[in-house]
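All the letters of the sequence shown, read from the start, carry residue numbers 1 to 75 under UniProt numbering.
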Amino acid sequence: MSCKVKKPLPHSVTKSELIEMYCNQFSEAKIRKQINEILKEKSISKDTKIIPHLEFMEFVETYGLPKGYYLDDSS
């Protein structure tokens with residue numbers, strides 16, 4: 001029987017990783033729409049595969065930490 005260990009939140013993620021992290025909380029369409037809006041506000045192409053750290057943090061601040069992750073303050 002494995003114990004679920006929380007993972008530290010990564011510095012940045014790809015869109016597919018973001019969807020995977022939040023899929024048990026939001027629909028894929030909502031996640032994709034919201035991250036694309038954040039990228040658009042920052043003049044970053046929505047076609048980008050990797051979400052930069054600050055935009056990823058903005059998503060996390062808006063929607064909360066994904067289940068199973070914790071914020072590592074030591075970095």
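The beta carbon of each residue, even a glycine, is placed where N, CA and C say it ideally should be.
A quick note: this is a predicted structure, and the numbers were derived from the prediction, not measured.
query, result
"Start-to-end residues for the alpha helix (DSSP H) that takes in Ile19", "15-22"
"Limits of the unbroken alpha helix (DSSP H) element including Leu71", "First-last for Leu71: undefined, no H or E at that position."
"In DSSP terms, what Lys7 is bridged to", "Tyr69"
"Residue closest to Glu55, alpha-carbon to alpha-carbon, out of Gly68, Ile31, Lys67", "Ile31"
"Exposed unless 16 or more other CB atoms sit within 10 angstroms - verdict on Leu39", "buried"
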